[in-house]
Each structure stands twice: as C-alpha cells, then as structure tokens.
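Each position in the sequence shown, counted from 1, maps to that position plus 721 in our numbering. Every residue gets a Cβ at the ideal spot worked out from N, C-alpha and C, and that includes glycine. Below is one structure, written out as structure tokens; the observations come after it.
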Amino acid sequence: MMHFRVLVAMGAFLAACAQAHAALKLCNQTSYILYAARGSATKTDLSTSGWTRIVPGDCATPIPDPLDAPAYFIYARTSRAHSGPARAWGGGAQICARDTNFAERVKLPVRRCKTNGFYRMPFAVVDRHAKPDWTTTFTESPAIRSRADAKRAGVNRLLQDLGYHVQGPGERARDLALDDFHKRAKLPADANDAELFAALETGAINATAPAGYTICNQTEQPLWAAIGLPAPKSITTRGWWQVAPRACSQALAQPLQMDRVYLFAKRANGAPLVNGPAKLCVASGQFHRAGNPPCSGKSVVERPFAVTNTKDRSGFVARIGESGLQPSSGTGK
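In structure tokens:
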C-alpha cells in the first residue's frame, strides 16, 4: 500500500488550517473517499477509534470535544470502492488498529496488538500547537486547489472506477456519464452531493465485490448491522456497524474462508430489517463475543440472524433494501 505522509508533523502533503469551531475537524481535499481513524493518549492510556467516512470536498468531526489530551494521532485510507492501489495518509507513530470499525482503550505502553484483526498502522501526530481546536486537511495534488475542486475530481474518479469515460474536450463526456449513472442508480435529478457520492461508492463496491464481507444499505435511513462467524464448535458474533443511507461498510476485510456468514440488521428505532432462523446473542454496545444461546450478561439479548451463503466466495456484498436482504453478489476464490 502506498503511503502519502500528509499530516503537518510528517511532511509536505498536509495542509493544517487555522483554529475552527469543531474540536478536531478533518477535511478531504482529495479525489478519493477517505476513511479516517484517530487516537488520543494520556500518560497512562491510549484511546483509538475508526472509521470516519469523508467524501471529497467535505469535512467531518471525529472528536467534538475540546482537545485536552497531551497527544493526538490520525490515519486515513482510501475507500475500497476505488480501483488501483490503496493509498493512505499517515506518519511514524505505529498504533494498533484494524480494517473494520473499532473503538479501543488500552493501557500504555502497548507491547503488541491484541488479536481480532488488529495490527500496527502508521498514524501521524497532530501538531496542534496546544490549541483546543484544530482543522486538518488531507491533500493529494497541487492541481486540486480547493474543496470544490476535490468534489468534482472525486465524482470523476468514481465514475472512472465504474468504467465510465469522463475525459475529453468540454463537459459532454462527463455529463453523459453522470446522466447514465443517475438512470442506472435511479437517482433523482436533484440528488444532493451526499446522495451522489453514496450511490457512486456503493456502485463501485458492488461492481468489484472486494474480498471480505461488505454490507450495503440501499435504504434512505441509517442501519445498524451485526454478523456471526462460524467457529469449530460455536458461532462468534460481532457488532455494531452503522451503515449510512445509500452507503456501504466493510465488516470483514480478509478473503472469506467459510461457507456462511450470519447477518442481522436493524433500523435506528430497533426494528429488524434483516433477520432469519439463526438465534444468536448480541449486546447493546459494540461487542465481539460468543454468539450461541443461552445469552447471558448485561444488555445481552437473542436476535434472529439471516444466513448468507459465502461458500466458494472470497468476497460477498450483502445488499439491504426496504424489503430486507437483496440477491447476493460475490467473487470466487
């Protein structure tokens, strides 16, 4: 994976802006959809979490509170929807993280990464000059001079990821590509930028069915998803992944080596949208636990999981629509 070291502490490709209203604000001035992880350290503890999605030309606030910890760290990577080699923005601080969503608090020093997919990633130190508020902008090329440029370049890149030709004199090729994509994705002509980027990313992920297990939300409301993974004598359950409307979240990054993955998804109000015959245990907060009943422990309950067939597939995309789980998509081994 190619690393572009762009944060102020690490070199040339980061623009760190002046004090902003948000405590830690991350802005994307690249042509890629980025997923960012962050960390903060005291003298005794290290807290990390990921991943915050930031589309080209947009900003996100992963830390809404004043920055009062002694040290902060950031790492960002490109969406798996993009073709070509993955790219990352980081630095020299080796911090344990994993490819799927996570939130961890550990004691310092950290001598080795825990299991469950954690490994060291090269985070960069945020040089905020002791300010309680800070904005960091990820950049890619001098040709992308503003967030408006990034938004346009981001749409072009995703159209190209989907196989469209957008280069040429004038705007005709790009306009034709956008018009065709709107029709194929059934997007309204007045779709906003968030809806367009979500549809483009989902379309690119669906087209490639990357290795691992990806959950795509084709509804207009956010969903929360949990999965179950077969073990030799039991089933392990993990959750929750928040999947934004018309967007995707990757639950497993490694190639699948199992015949089935169990899936449960619910709306924000708790109403189930994807369920099935397999009764497994979940917790109310983020969890990774033994899934077989009886379900014991604080806030642990039984939920009905659907079974998705992943036999002979290295990648699987679970598409969830208003009526529940849609026809499957996968790639062979």
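Check: My output table needs one value for Ile775: the three-state DSSP class, helix, strand or coil.; Outcome: strand
Check: Using C-beta distances below 6 Å, list every residue in its chain close to Cys748, excluding the 5 sequence neighbours before and after it, in chain order.; Outcome: Cys780 and Thr858
Check: Quick check on the DSSP output: the alpha helix (DSSP H) that includes Phe839 runs from which residue to which?; Outcome: It is not in any alpha helix (DSSP H) - Phe839 carries neither H nor E in the DSSP assignment.
Check: Kindly examine the ligand GTP and report whether one of its heavy atoms sits closer than 6 Å to the Cβ of Phe1026.; Outcome: The ligand GTP is absent from the structure shown, which contains no ligands of any kind.
Check: Just curious, the alpha helix (DSSP H) that Lys904 is in, first and last residue?; Outcome: Arg893 to Ala906
Check: Over what stretch of residues does the beta strand (DSSP E) that includes Asn1013 continue unbroken?; Outcome: Careful: Asn1013 lies outside any beta strand (DSSP E) and carries neither H nor E.
Check: So Leu984 is in the beta strand (DSSP E); what residue range does that whole segment cover?; Outcome: Arg981 to Arg988
Check: Could you check what DSSP says for Ser800 in three-state terms: helix, strand or coil?; Outcome: coil
Check: What residue range does the beta strand (DSSP E) around Lys872 cover?; Outcome: Here Lys872 belongs to no beta strand (DSSP E); instead the alpha helix (DSSP H) covers Arg868 to Asp882.
Check: In the structure shown, what three-state DSSP assignment does Glu1023 receive?; Outcome: strand
Check: What does the Cβ neighbour count give for Lys987, buried or exposed, with the cut at 16 atoms within 10 Å?; Outcome: buried
Check: With DSSP run on the structure shown, which of helix, strand or coil describes Gly960?; Outcome: strand
Check: Quick one: grab the DSSP three-state call for Pro785.; Outcome: coil
Check: Quick check on the burial criterion: 16 or more other C-beta atoms within 10 angstroms. Buried or exposed for Thr821?; Outcome: buried
Check: I'd like to know if the stretch 827–845 and the stretch 811–819 are in contact, where contact means that at least 3 CB-CB pairs between them fall below 8 Å.; Outcome: yes
Check: Tell whether a beta-carbon distance below 7 Å holds between Leu984 and Thr1029.; Outcome: yes
Check: Check this for me: beta carbons of Pro853 and Pro787, under 7 Å apart or not?; Outcome: yes
Check: Can you give me the C-alpha to C-alpha distance between Asn938 and Gln978, rounded to a whole angstrom?; Outcome: 24 Å
Check: If you follow the beta strand (DSSP E) that Ser970 is part of, which residue opens it and which one closes it?; Outcome: Ala968 to Leu973
Check: Since Trp961 contacts Gln1007 with CB under 8 Å, what's their CB separation in whole angstroms?; Outcome: 6 Å
Check: Do Pro806 and Gly875 count as a contact pair if the criterion is CB distance below 7 Å?; Outcome: no
Check: What does a CB cutoff of less than 7 Å around Asp882 pick up in its chain, not counting 5 residues either side in sequence?; Outcome: Ala802, His803, Ser804 and Ala925
Check: Please work out which residues of its chain come closer than 8 Å, Cβ to Cβ, to Pro976, disregarding the five sequence neighbours upstream and downstream, and give them in chain order.; Outcome: Ala932, Gly933, Ser1035, Gly1036 and Lys1054
Check: What is the residue span of the beta strand (DSSP E) that Asn996 lies within?; Outcome: Counting along the chain, Asn996 falls outside any beta strand (DSSP E), and DSSP gives it neither H nor E.
Check: Under the assumption that Ser996 contacts Phe1026 (Cβ atoms under 8 Å), give the Cβ distance between them as a whole number of angstroms.; Outcome: Looking at the sequence shown, residue 996 is not Ser but Asn. Right, their Cβ atoms sit about 7 Å apart.
Check: Going by beta-carbon coordinates alone, are Gly760 and Thr773 separated by less than 7 Å?; Outcome: no
Check: Taking one C-beta from the stretch 947–955 and one from the stretch 893–901 each time, how about it: are there three or more such pairs within less than 8 Å?; Outcome: no
Check: Hey, how far is the Cα of Leu728 from the Cα of Cys969?; Outcome: Any answer about Leu728 is weak, because its pLDDT of 41 lies below 50 and its placement is not dependable; what the coordinates show is given next. Their Cα atoms are separated by approximately 27 Å.
Check: Going by other Cβ atoms of all chains shown within 10 Å of its Cβ, with 16 needed for buried, is Leu955 buried or exposed?; Outcome: Note that residue 955 corresponds to Ser in the displayed sequence, not to Leu. So Ser955 ends up on the exposed side.
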